[in-house]
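Each remark here refers to the structure printed beneath this line.
Numbering (the working numbering), first residue to last: 386 to 565.
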């Protein structure tokens, strides 16, 4: 018999340095040490203790494919990242997205990380780039991907800032119309 044995999974392993443990909630063996993880019944999976009081529950969060590489997440041996919105993705896929300057969740479009420094830089760029007179009074309707607010804002070629949460992670929902 191996140094690690799970009678439920009928799994043997001689290398116990991986910190194998069986999670009854998941119904499978996991690695990383039982003391470092907790099982969330609503999400239906194990997460790092770092997320215990702060993760956003998404029912059956890992019982689907990675939205980037389309590999099944629940029994993946690769590291998994939990985004601010609660959606899950392989860590290497998230790093690949960041390398290509894509910082939003591929499932719901919410910002995948803290973008406040980027929004401050964009504020400076917008302030330094006045719009031509023909566009000065044009307004557009936007939907904020971060807070879901809809707003009417001044059109700007660089981006549209959500007045509710100050995010530039927005999209136009209606064509520009002159300001009245």
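Note that CB positions come from ideal geometry on N, CA and C, so glycine has one too. All figures in this text were calculated on a predicted structure; none of them were measured in a lab.
1. With a floor of 3 residues, list each beta strand (DSSP E) that falls wholly inside the region 445-499, ordered by position along the chain.
2. Threshold first: 4 residues or longer. Then list the alpha helix (DSSP H) segments lying entirely within the region 400-427, N to C.
3. Going by Cα to Cα distance, which pick from 474, 558, 541 is closest to residue 522?
4. DSSP state of residue 438, grouped into three classes?
5. Within a Cβ cutoff of 7 Å, which residues of the same chain sit near residue 442, ignoring the five residues on either side of it in sequence?
6. Quick one: what does DSSP say residue 531 is sitting in, helix, strand or coil?
7. When we look at the beta-carbon of residue 501 and count the other beta-carbons within 10 Å, is it buried (16 or more) or exposed?
8. When DSSP labels each residue in this structure, what does residue 503 get in the three-state scheme?
9. Can you tell which of 528, 497, 454, 430 has its C-alpha closest to the C-alpha of residue 448?
10. Residue 528 and residue 503: beta carbons closer than 7 Å?
11. Quick one: what does DSSP say residue 538 is sitting in, helix, strand or coil?
12. In angstroms, rounded to a whole number, what distance separates the CA positions of residue 400 and residue 548?
13. Pull up the distance between the alpha-carbon of residue 491 and that of residue 556, whole angstroms please.
14. What is the rounded straight-line gap between the Cα of residue 520 and the Cα of residue 539?
15. In this structure, what does DSSP give as the bridge partners for residue 555?
16. By a C-beta neighbour count over all protein chains shown, 10 Å radius and 16 as the cutoff for buried, is residue 546 buried or exposed?
17. Any idea if residue 485 is buried or exposed, counting beta-carbon neighbours within 10 angstroms, 16 or more meaning buried?
With the structure as the only source:
1. 465-467, 473-475
2. none
3. By one-based count along the chain shown, residue 522 stands at place 137. It is 541 whose Cα lies nearest to the Cα of residue 522.
4. As a first step, residue 438 must be located in the chain shown, where it is residue number 53. In the structure shown, residue 438 sits in coil (DSSP, three-state: anything other than H, G, I, E or B).
5. Here residue 442 corresponds to residue number 57 of the chain shown, with the count starting at 1. Hits under 7 Å: 425, 427, 428, 471.
6. For the purposes of this step, residue 531 is taken as the residue at position 146 of the chain shown. Residue 531: coil per DSSP, three-state reduction.
7. The residue given as residue 501 occupies position 116 in the chain shown. Burial call: exposed.
8. Residue mapping note: residue 503 aligns to position 118 of the chain shown, counting from 1. Three-state result, residue 503: helix.
9. Residue mapping note: residue 448 aligns to position 63 of the chain shown, counting from 1. Taking only the C-alpha atoms, the option nearest residue 448 is 430.
10. Locating residue 528 in the chain shown gives position 143, where the first residue counts as 1. Locating residue 503 in the chain shown gives position 118, where the first residue counts as 1. No, Cβ-Cβ distance for residue 528 and residue 503 is not below 7 Å.
11. Position 153 of the chain shown, counting from 1, holds the residue named residue 538. Strand, per DSSP.
12. Along the chain shown, one-based indexing puts residue 400 at 15. Along the chain shown, one-based indexing puts residue 548 at 163. The straight-line gap from Cα to Cα measures roughly 54 Å.
13. Sequence index remark: in the chain shown, residue 491 carries index 106 (1-based). Sequence index remark: in the chain shown, residue 556 carries index 171 (1-based). Roughly 15 Å between the two C-alpha positions.
14. The count along the chain shown starts at 1 and reaches residue 520 at position 135. The count along the chain shown starts at 1 and reaches residue 539 at position 154. Rounded to whole angstroms, residue 520 to residue 539 spans 9 Å at the Cα level.
15. For this step, residue 555 is matched to residue 170 along the chain shown. 529, per the DSSP bridge assignment.
16. What you label residue 546 is simply residue 161 of the chain shown in a count that begins at 1. Buried.
17. Position 100 of the chain shown, counted from the first residue, corresponds to residue 485. Classification for residue 485: exposed.
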